[in-house]
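Student:
2 protein chains.
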Amino acid sequence: MASITDVAKHAGVSVTTVSKVINNYSDVSEKTRKKVNESIQLLRYEPNVVARGLVKRRSWTIGILLHNIMTNPFVSELMAGMQQSLSKSGYDLLHLTADFNDPEYSVVRHCSSRNVDGMVVFGVGRDNKIPLDLVKAELPTMFVDTDLIGRRAGYITADNRNGILMVVEHLYELGHRKIAFVSGFMGYVAGRTRFEGYQQGLKQFDLPYHSNYVEVCSFDSMGGYNAMQNLLKLPDPPTAVVCAADAIAIGVMNAISDAGLRVPTDISVVGFDNTAFASIVKPGLSTVNQNIFSIGERVVNQLIEMVENPDHSPPIVVEPVELILRESTCAPRSTTQ
Amino acid sequence: MASITDVAKHAGVSVTTVSKVINNYSDVSEKTRKKVNESIQLLRYEPNVVARGLVKRRSWTIGILLHNIMTNPFVSELMAGMQQSLSKSGYDLLHLTADFNDPEYSVVRHCSSRNVDGMVVFGVGRDNKIPLDLVKAELPTMFVDTDLIGRRAGYITADNRNGILMVVEHLYELGHRKIAFVSGFMGYVAGRTRFEGYQQGLKQFDLPYHSNYVEVCSFDSMGGYNAMQNLLKLPDPPTAVVCAADAIAIGVMNAISDAGLRVPTDISVVGFDNTAFASIVKPGLSTVNQNIFSIGERVVNQLIEMVENPDHSPPIVVEPVELILRESTCAPRSTTQ
DNA sequence: TTGTAAGCGTTATCAT
DNA sequence: ATGATAACGCTTACAA
Chain A
1 MASITDVAKH AGVSVTTVSK VINNYSDVSE KTRKKVNESI QLLRYEPNVV ARGLVKRRSW
61 TIGILLHNIM TNPFVSELMA GMQQSLSKSG YDLLHLTADF NDPEYSVVRH CSSRNVDGMV
121 VFGVGRDNKI PLDLVKAELP TMFVDTDLIG RRAGYITADN RNGILMVVEH LYELGHRKIA
181 FVSGFMGYVA GRTRFEGYQQ GLKQFDLPYH SNYVEVCSFD SMGGYNAMQN LLKLPDPPTA
241 VVCAADAIAI GVMNAISDAG LRVPTDISVV GFDNTAFASI VKPGLSTVNQ NIFSIGERVV
301 NQLIEMVENP DHSPPIVVEP VELILRESTC APRSTTQ
Chain U
1 MASITDVAKH AGVSVTTVSK VINNYSDVSE KTRKKVNESI QLLRYEPNVV ARGLVKRRSW
61 TIGILLHNIM TNPFVSELMA GMQQSLSKSG YDLLHLTADF NDPEYSVVRH CSSRNVDGMV
121 VFGVGRDNKI PLDLVKAELP TMFVDTDLIG RRAGYITADN RNGILMVVEH LYELGHRKIA
181 FVSGFMGYVA GRTRFEGYQQ GLKQFDLPYH SNYVEVCSFD SMGGYNAMQN LLKLPDPPTA
241 VVCAADAIAI GVMNAISDAG LRVPTDISVV GFDNTAFASI VKPGLSTVNQ NIFSIGERVV
301 NQLIEMVENP DHSPPIVVEP VELILRESTC APRSTTQ
C-alpha cells in the first residue's frame, strides 16, 4: 500500500503538502492540490489511520464492552443501530475482548493501549468494577441500561417505567382490577424501573398493592412458568399478568394453558421487549416494544459528540417505548368483582 | 498514561532495554529486568499497541464484516464464540463499518488503513465484490458460510448437507415415504447444500424425487406458510416436511394447523438451526443444531493461525451438526402407501 | 504557498 | 548486556 511519502514523491511535493491536501488545509494552491489529488487517485493511496492516531492520540475507534452476549437478545439490534450511526462518522467499532473474571484486567489500560476514543458498555451492572473505572478515568463513556453517570459518562435506557405504566393502563381500561406482576431479578435498572412502573400504575388507578401479586423469578420462560403456577394457587388469582420480559411471558402463558385455562379469555398476559417470540407465539403476545436500534444509533451519536467536544455534558437519554397489542389481552370474564 | 520513555527514565535505563524487557528478550540481565519490571508495575505502564503496530505493521486486530446483522439470528452466538477464542490471544475484534451500497468503498483499503491483520466475513454472498477483493488482495481471511477460497482465504460452514441427510434418515425410519422440502432461496451455500442433502437423502433411501415436493420460498415464517399451503393443495400431499430453516418451519406448522391438521400426527415437520423458537413453539420443533459458537471459536483460531504463520494453508472447515428431536415428528398415519 | 524538522511510542539494527 | 540511532506513517510548528 502506498504511503504518504510515495504520494509526495509521485507528485513532486513534500510530505507536508500532501498532508495538507488530505486534511483540507487552505494554504495549498489549487494547482498543487490538483496534482496531489491525482497522485492519490493513481496510487490508490489511503491515509494510515494508525499512524495518524499515534500523533493525534486518537484512533477514530469506539470501544464496546459486551457482557453475556449470548443471553441478551438485543446485541445484534443494538449493534446494527450503532453501525448505522457509525457509517457516517469515520469511526470503527472495536470490540474489546475482556476476561471479566481476570482481576488484573483493566479496561482503562486496555483502552489507552489502543487509543480508544470512547466506550459503549452494555450488560455490565453498576456493581462491576469496570464501569466505575471508566467513570473515574473520565474516558468518554455511554452506558446502555446502567444508570451511571460521571464527568464524561452518561447513559441511555428505554422508558421502562412508562412502558409498564401503559400496560397497566391498557389492562385497567379493559376492566382488569386484579393485575399481577412477574419480574426478573431486579439487579439491573431495567428490572427496577419496570417494577416501579407497575407500582405507579396501581397507584394511578387506585388499585391496592398486594405483595402476593408480585412474583420475582429468573429472566426466562422457566422462571415465568413457576411464577405463574404460584399465582394460580392463590385463593383469588389475578385476571391479568404483566411480565417484565417476553421470555417470562412465554412461560406464564404455558403455565396458564397447562392449568387448563386459556389466554386471554381466562387470563390476560402482557410481555416486554417485543422479541421475535412475541409475534410467533399463539396467541400473539401483547408487549412493549423498545426501539433498540434507535438506542444503538443514539448511543453512538452522543458518544461521538462527547468525544469530539470535551464540553459536551454527558447526557441521560430515555428512549420512548410503544405498546404493541396482539391477542393476549381482552376484558376479564366478569367485570364485576 | 505512562510511556516507555517514562519507564526508562524511572528505571534509569534506555528505552531499548525497556522494550527488550517487555518483549522478553534474553539479552537482559536479571538485575535490570527486575528493576524495569518494578518501574512498569509502579507506573502502571501498558505498552501502546498502536505505536507498536506502526513499526510492526500489525494491529493485533481481527476485522469483521457483517452483512444484514439484524436478520441473522446467529451474529451474537458467532461473536460470543469468537470472543472466547480471542480472549486468549491478545487480539481485539474490529467491527468495520462499511457502507455496502457505496461503490467507492474498498475493504482492502479500509483494512490496510487500520493495519487489520485478518478478516472474518459473515453473511456476504460470493457474488459481492467485497469477498473477491479480499481474496485478491491476499489478506488473511476466513469466510463464514461462503464457499470461497484463495491463497490466504479459507472458509467455515456447518455440515448442512449431512444435517438434512440425518433428517431424511430419521423421517424414513419413522416410516415416511412422502417427504417434501421447503427451502429458502439458494443464493447462499447454506441453502444449496441443504437442498443437496435432501436430494442425497432421497437417493440413499430409493425415494423418488418429485419437483412438486420442493418449494422455494423466502427465508421466513411467511414464506414457509405460503409454501405449505401449496403443498397441501397437492393431490397427494407429503406426510413429512423438511424445512431449510426454523423460521420457515414455524410458518409451515402454522399453515398445517390453520388447515385443520395437526403436527406431528397428520404431518411431521423438521426445521434447521435450532433457534430459540424451536424449543418454544408448540409442539416443540425437531431441528438440526449448528454449533455456531464453536464455528466462532474455530474461525478465529484458524484466522490467527493464518495471520501468524504465512505458510499455514487456508482451511476449509466443516463443523458437525446434530439432530435435535422434539415433538414435531412421528410415524405417518398409515405406513402403507 | 511550500518545505524542513521534530515528535507521537514503539521496535530493530548495530555499535559499544 | 546495554544503548544510540533510525525507522514506521503521519501531523504540526516554524522557517523560508
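The listed protein sequences correspond, in order, to chains A and U.
Just so we're aligned: 35 in full-length UniProt numbering is position 35 of the first sequence, and the numbers increase by one with no gaps anywhere.
Just so we're aligned: 75 in full-length UniProt numbering is position 75 of the second sequence, and the numbers increase by one with no gaps anywhere.
We treat Cβ as the ideally placed atom computed from N, Cα and C, and that holds for glycine.
According to DSSP, is Leu207/A part of a helix, a strand, or is it coil?
Tutor: Coil at Leu207/A, not helix or strand.
Student: Once the 5 residues before and after Ser3/U are set aside, which same chain residues still bring their CB inside 8 Å of it?
Tutor: Hits under 8 Å: Tyr45, Asn48.
Student: Counting only beta-carbon atoms, is Pro73/A nearer than 9 Å to chain U?
Tutor: Output row for Pro73/A: interface = yes.
Student: Quick one: which chain A residues come within Cβ less than 7 Å of Leu134/U?
Tutor: Under the 7 Å cutoff, chain A gives no residues; its nearest Cβ is about 14 Å from Leu134/U.
Student: Could you please give the first and the last residue of the uninterrupted beta strand (DSSP E) stretch that includes Asn158/U?
Tutor: This sequence places Ala at residue 158/U; Asn is not what is there. Ala158/U -> beta strand (DSSP E) spans 153 to 158.
Student: Excluding sequence positions up to five away, which residues of its chain have a Cβ less than 6 Å from the Cβ of Ile69/U?
Tutor: The answer, listed in chain order, is Val75.
Student: Answer yes or no: do Thr329/A and Ser294/A have a C-beta to C-beta separation smaller than 9 Å?
Tutor: No, the pair does not count as a contact, with Cβ atoms beyond the cut-off.
Student: Look at the alpha carbon of Val270/A and the alpha carbon of Ala227/U, and state the distance between them as a whole number of angstroms.
Tutor: C-alpha separation (whole angstroms): 31 Å.
Student: Can you look up Leu43/A in the DSSP assignment and give me helix, strand or coil?
Tutor: Correct three-state label for Leu43/A: helix.
Student: Excluding the 5 residues flanking Val300/A on each side, which residues of the same chain have their C-beta closer than 6 Å to its C-beta?
Tutor: Result list for Val300/A: Met82, Ser85, Leu86, in chain order.
Student: Compare the Cα-Cα distances from Lys129/U to each of Ala180/U, Glu138/U, Pro103/U and report the closest residue.
Tutor: For Lys129/U, the nearest C-alpha among the options comes from Pro103/U.
Student: For Glu297/A, is the classification buried or exposed, using 16 other Cβ atoms within 10 angstroms of its Cβ as the cut-off for buried?
Tutor: Looking at its Cβ environment, which holds 16 or more other Cβ atoms inside 10 Å, Glu297/A is buried.
Student: Counting only beta-carbon atoms, is Gln337/U nearer than 9 Å to chain A?
Tutor: Here Gln337/U scores only 43 on pLDDT, less than 50, and its place in the model should not be relied on; the value that follows carries that caveat. No, because no Cβ of chain A sits closer than 9 Å to the Cβ of Gln337/U.
Student: Run down chain U in chain order and give the residues with a C-beta less than 7 Å from the C-beta of Glu77/A.
Tutor: Under the 7 Å cutoff, chain U gives Met70.
Student: In or out: residue 347/U buried (at least 16 other Cβ within 10 Å) or exposed?
Tutor: Here chain U comprises residues numbered 1 to 337, so residue 347/U is not present and cannot be evaluated.
Student: Looking at chain A, is there any beta carbon in it that lies within less than 9 Å of the beta carbon of His110/U?
Tutor: It does: the Cβ of His110/U has a partner Cβ on chain A nearer than 9 Å.
Student: Grab the span of the beta strand (DSSP E) containing Ser215/U for me, first residue to last.
Tutor: In the sequence under discussion, the amino acid at residue 215/U is Glu, which differs from the Ser named in the question. It spans 214 to 217 - the beta strand (DSSP E) in which Glu215/U sits, taken as one unbroken run.
Student: Do Asp236/U and Ala190/U count as a contact pair if the criterion is CB distance below 9 Å?
Tutor: Contact: no.
Student: Considering only their Cβ atoms, is the gap separating Ser268/U from Met1/A smaller than 9 Å?
Tutor: Their beta carbons are not under 9 Å apart, which means Met1/A does not touch Ser268/U by this criterion.
Student: What number of angstroms, rounded off, separates the C-alpha of Thr335/A from the C-alpha of Tyr172/A?
Tutor: A caution first: Thr335/A carries a pLDDT of 47, below 50, which makes its placement in the model too unreliable to give a value.
Student: Listed from N- to C-terminal order along the chain, which residues in the UniProt domain "HTH lacI-type" (2 to 56) of chain U have their beta-carbon within a distance smaller than 8 Å of any beta-carbon of chain A?
Tutor: Listed by position along the chain: Arg44, Glu46, Pro47, Asn48, Val49, Val50, Ala51, Gly53, Leu54.
Student: Put Asp236/A into one of helix, strand or coil per three-state DSSP.
Tutor: Residue state, collapsed to three classes: coil.
Student: Check whether chain U comes within 9 Å of Leu207/A, counting only Cβ atoms and requiring the distance to be less than that.
Tutor: No, no contact with chain U.
Student: Measuring only from the beta carbon, is Pro103/U closer than 8 Å to any heavy atom that is part of the ligand NAD?
Tutor: You won't find the ligand NAD in this model; it holds no ligand whatsoever.
Student: For Thr287/U, which beta-bridge partners are listed by DSSP?
Tutor: Thr287/U is bridged to Ile324/U.
Student: Could you give the C-beta distance for Phe272/U and Arg177/U, rounded to a whole number, given that I count them as a contact under 8 Å?
Tutor: Wrong, their Cβ atoms sit about 21 Å apart, outside the cutoff.
Student: How would you call Asp311/U, buried or exposed, if buried means at least 16 neighbouring beta carbons within 10 angstroms?
Tutor: Under this definition Asp311/U is an exposed residue.
Student: How about Tyr155/A: is its C-beta nearer than 9 Å to some C-beta of chain U?
Tutor: Answer no: the Cβ-Cβ gap between Tyr155/A and chain U never drops below 9 Å.
Student: Tell me the rounded alpha-carbon separation between Asp206/A and Val168/A.
Tutor: Each residue's Cα considered, the two are about 12 Å apart.
Student: Quick one: what does DSSP say Leu54/U is sitting in, helix, strand or coil?
Tutor: Looking at Leu54/U - three-state DSSP - the assignment turns out to be helix.
Student: What distance in whole Å lies between the Cβ atoms of Gly118/A and residue 348/A, which are believed to be in contact at a cut-off of 8 Å?
Tutor: There is no way to answer for residue 348/A, as the model of chain A reaches only from 1 to 337.
Student: If you measure from the beta carbon of Tyr91/U to each beta carbon in chain A, is any gap under 9 Å?
Tutor: Taking Cβ atoms only, chain A reaches closer than 9 Å to Tyr91/U, which makes this a yes.
Student: Identify the contact partners of Ala80/U in chain A, using a Cβ-Cβ distance below 8 Å as the criterion.
Tutor: Going along chain A in sequence order, the residues near Ala80/U (Cβ under 8 Å) are Ile69, Met70.
Student: Can you give me the start and stop residues for the beta strand (DSSP E) that Asp6/A sits inside?
Tutor: That residue, Asp6/A, is in no beta strand (DSSP E); its alpha helix (DSSP H) goes 4 to 11.
Student: Ser113/A touches chain U at which residues, Cβ-Cβ below 7 Å?
Tutor: Neighbours of Ser113/A on chain U, chain order: Glu46, Pro47, Asn48, Val49.
Student: Please list the terminal residues of the continuous alpha helix (DSSP H) segment that includes Asp133/A.
Tutor: Note, Asp133/A: alpha helix (DSSP H), 129 to 137.
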